[in-house]
Structure formats: structure tokens, C-alpha cells
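Quick note on the UniProt record's numbering: the sequence shown kicks off at 1 and runs consecutively.
Here's the structure, in C-alpha cells; my notes come after.
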Amino acid sequence: MPAPPRGSSASSYLQLLHRDIEVTTRKLELERRRLGKLFEDFSRARAEFDDKVLPSKKQKTEQDIYREKAMANDTSPGSSGYNNRVKEILQSCSSGAMRSLESRISKSTAKLNTMNDNVKSITASLSEVSAAFESDRKATADCQRKLSELTAAKDSEKRAFREEVRDIKKQITNSSRESHEWEIQNSRDVLRQRPSVNPSDSQGDRRSVVRFASSSARETMLTGYTSASEEGTFSEMNTMKRILKLAFLNSIQRRHIRQHKRNSEVFEEAFRTIKQATGITEVAEIVRIFVKLEEQNFGLATYSNTLSQDIEGWVKENGKLKKALGMHHARVAGDIQKRQRV
């Protein structure tokens, strides 16, 4: 049975199984035809044997001949014709032909059994795939149902939120209307509490009272009562700039605090490790030792630099001396050669 390829769908695997079943069925049909042809060849050989070897067989009636032909043509397993043919094959065939026939029949039977096993395994695989497909379909249906439920719940939450927003807007509108009415009533009460104008007052005073009683005067008076003195100098842009500046400075300060805290933790861990390793408990003593080591390291670095410069000078001087020595040896060798020539 072919294993389902990884990443393939159930439909493609079902198509593959159907293709295997068709191939197996075609092979079974070919084997059945081959077996039928074998029986036909045997019948033809038997007829030739009867015609040539047994010419003196008894004459039979038409009914007997018809009955024998009918029984001979009945080749279904368990019938008399089938059994007679099997007996005739067993009696007339030689041992070699019998063995070859038995081997062919056994091979065909083995192939048939193998194909039947393959068909059974493919059928079982089909049932497993169908069950898996059904479970996947049920899981998909459950997911779709849950998705629809979540969508419905989301829609209901949206509707409830819209209703809450609408109620809040109504409450805000009612509150603003009530506050406006209260302010108007308060302004009216203030106007009533003011002393009335005498007839002996001047015409300018009467005009001022009328102007004060008008709507514009009431609004000006209401504005004077409800607004603060800092409201006129308030600037939204400056306030936002101050807030942004303070937030930026606070973030920088928090970063410095975290950095300082990390550094202090590192130093504390270092001092703790030094105390455990050396047994020195005084922080001042540890600092003094570190300062001394730093001074020593600085002195060693200076000494190593000076020594390196001296070594470079010695190397250069040594090279010059080697060059002069080589020239001297060459001059001596030339003098010796001249003397030998003379």
C-alpha cells in the first residue's frame, strides 16, 4: 500500500488509491483470462486426443451428447463438469505437464492472493482516509460554527458598545443642557438680586441697566463668572511642548538611573567576588590595591616601550656592524687574490 505523500490532500490520495485498485483489477482480469485460455487449450487437446486415440468409442444419443456438452461447458467450481474436467486433466496429463500446470496454478493463485491482500489493504486505507476526511470535515464544521458564534458575539458587542456610546452622548447632551439652564437661571437670580433703578436716575443709567439686562450682557457676565484668569493666556501648543519636554527628560533620567544601577550592581558583584577570593573585606583596601596595580601596569608599559626602542636601536647598529664586517672580509679576500696573482 503506498504511503500518503506528505503535504498532499485527501482527494489526491483517494485518486492514487483508485488508480492502484484499477491496476490490480486489470491484473486480476488478465489472470482470469489466462486461466480460461488454459482450460480451453486443455479441452481442445482432450478433444484431439479423443478423436485420434479413441476412434472406436460408443455412439451416443443426441440427448446424451447434449447433456455431456452442457455438463462439460459448466465450469463453475463444484459442478460435475468442473470436477470431470479436473479428473480428466489429472488422469490424462503426464507428470511433467502436471507439475508445470500445478506450478502455473500455484503461481496464479499466489498472485491472486497477493492481489486480494493488496485490494484489502487498499480498501482499509480508503476507509482510514475516509474516516480521517470525515473527522477533518467535522473539525472544519466545528471551526466554522465557532467562527460564526464569535462573529455573532462580536456583532452583539459592537451593538452594545454603540448603544452605550449613544446613551453616554445623550447623558452628555442632557448634562450640558441642564448646566446651561442652570447658568441662565443663576444669571437671572443675580439680576433679580441687584437693586432696582430709581426714576431720578439719569438716562445713561437706564440705558446701562437695559444693556445689562440684554442677552449679550448676560453672556458677558456669565463668561466673567465661569472663566478663570489663566484661561486667556492658555496655549495648547506650549502646554504640549512642555509635556513632551518633561517626558523626554524623564526618559533620559530613567535611562541614566538604570545605567547607574547596572554599574553599581557590576561593581558590587566584583567586590563580592574579590572578597570571596581574597578574604579582604574593606572596600578601601581593594581600591588601593587596584590603584597600585594600575600604577605598576603603567610603569611596566613604559619600561617595555623603552626596552623595545633600545632593542630596535641595537638591531640597527648590529646590521651596520655586519655590513661593515662583510665589506672588510671582501676587501681582505681581494687583497689575498691580488697577492696570489703577483
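Positions of the beta carbon are idealized from the N, C-alpha and C atoms, including for glycine.
Predicted model, so just to flag it, every value in this text is computed and none were measured.
Cβ distance (whole Å) where residue i is taken to contact residue j below 8 angstroms
i, j, result
"L28", "I122", "Incorrect: roughly 13 angstroms between the Cβ atoms, too far for contact."
"L35", "S108", "6 angstroms"
"A132", "A10", "7 angstroms"
"E40", "K111", "Incorrect: roughly 20 angstroms between the Cβ atoms, too far for contact."
Whether residue i touches residue j by CB criterion (9 angstroms)
i, j, result
"N113", "D20", "no"
"I257", "I274", "no"
"L38", "R104", "yes"
Among the options, the one whose alpha carbon lies nearest that of residue i
i, options, result
"V129", "I105, Q15, T140", "Q15"
"residue 351", "W314, K158, F271", "In the structure as shown, the chain begins at 1 and stops at 342. Residue 351 is therefore absent and cannot be evaluated."
"K120", "I252, S43, T25, H256", "T25"
"S12", "C143, L126, G334", "L126"
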